[in-house]
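In full-length UniProt numbering, the protein residues as written are 1 to 417.
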């Protein structure tokens, strides 16, 4: 991803689903106008999900996801099906592809029921209509049987392309604020100071994604972004000439930034902003109350959405475990999950500490949070956790009234619920 591209995690995920050889890859290629996916008459050509970002006007940036057929068989087929089912947790819109030469059966009904249970919007695509003498009667019958709008489509004849693109645009949730991170806290002309450490953990030659996106959102809000390092913050504030409306810091330098930022200036972190942007900040704040209740022998899961080489002072592998033990002084069993892996059984954990989720789309993060809630396991993200263990609460969430209320209510309740 280049700095001029919308991150995949910020693009609505439109996923093609159906049987093997129903023509999902051909539809993806037709929509993108490129041979993005391998096409073959042999069923089961697509094995792993294929992601193809594109601009769909007037909807904007989206990502199309081709998947393996959910009717795949055998031991390898089961692995492919599981990969496809995992994608449902990040799906904003599903395209249910129906092979006109096969029709529908229990498979399609079960898949449609699964999508509706997950509250995923669905568009039906009746593919290979070029094989039919007349497609309209079949489409009308299936629409009634499935209670689903169907778009007749032929990838080989390029029929239905415009209609499908229009249906996608009309069906996608119209959320103009899906890119907002900090803009709703700002007014035009506001001054925002962003504290960005440049240390051995910083990527060479660039800023990390949350920092890039927050700067962009600040500028999009007609506010003024001033970027500095933690050691230059005090001097920066002295030389600004006026008080900033907000200071946003990397969580790892929370204590120093809090010490150098006057108490009357609102302060938060990139990770806390992303807790709200990608998940449910109120729930993550409530989860922080569980930190002090951890006991000897409790299991704690630290989950990261990306994979990277572990360094000597890695945030997830080294710093957070150290801060956790220093704060509560208990002997804990700490486990890690990274990338797309997330345990199916969360009930054995006393706490989940999740990264800022900049590499996940919002639906995926909300799904993970729903899984922890169903297992009655509290969850915090890195920013919320670090603010808590470093004594920066409740200052770090003071500019989020609903989060402050959740914090106070959790204190009165005395336990996680």
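All C-beta atoms, glycine included, are put in the ideal place defined by N, C-alpha and C.
With a beta-carbon spacing of about 16 Å, residue 245 and residue 269 fall beyond the 8 Å limit used to define contacts. Residue 211 sits away from residue 181, with the two beta carbons spaced by 7 Å or more. Scanning 166, 30 and 101 for the CA closest to the CA of residue 59 turns up 166.
Look at residue 291 here: in three-state DSSP terms it is helix.
Distance from residue 358 to residue 9 at the Cβ level is roughly 6 Å; contact confirmed, criterion being Cβ atoms closer than 8 Å. In terms of Cα proximity to residue 271, the closest of 7, 380, 296 and 147 is 380.
In chain order, 130 place their CB closer than 7 Å to the CB of residue 157, counting only its own chain and leaving out the 5 sequence neighbours on each side. Around the CB of residue 217, 16 or more other CB atoms lie within 10 Å, so the residue is classed as buried.
Spanning the alpha carbons of residue 189 and residue 224 requires a straight line of approximately 6 Å.
It is roughly 48 Å from the alpha-carbon of residue 288 to the alpha-carbon of residue 104. Per DSSP, reduced to three states, the secondary structure at residue 398 is coil, with no helix or strand assignment. Residue 396 places its beta carbon less than 7 Å from that of residue 387. Taking all protein chains shown into account, residue 92 has 16 or more neighbouring C-beta atoms within 10 Å of its C-beta and is therefore buried.
Rounded to whole angstroms, residue 371 and residue 139 show a C-alpha spacing of 37 Å.
Assignment of residue 78 by DSSP, reduced to helix, strand and coil, places it in the helix class. A Cβ-Cβ separation of about 7 Å places residue 66 in contact with residue 49 under the 8 Å criterion. Between residue 18 and residue 122, the C-beta spacing is not below 7 Å. For residue 168, no beta strand (DSSP E) segment is defined; the enclosing uninterrupted segment is the alpha helix (DSSP H) at 161–171. Boundaries of the beta strand (DSSP E) around residue 127: 122–127.
The count of Cβ pairs closer than 8 Å, one atom from the region 342–351 and one from the region 249–264, stays below three, leaving the stretches out of contact.
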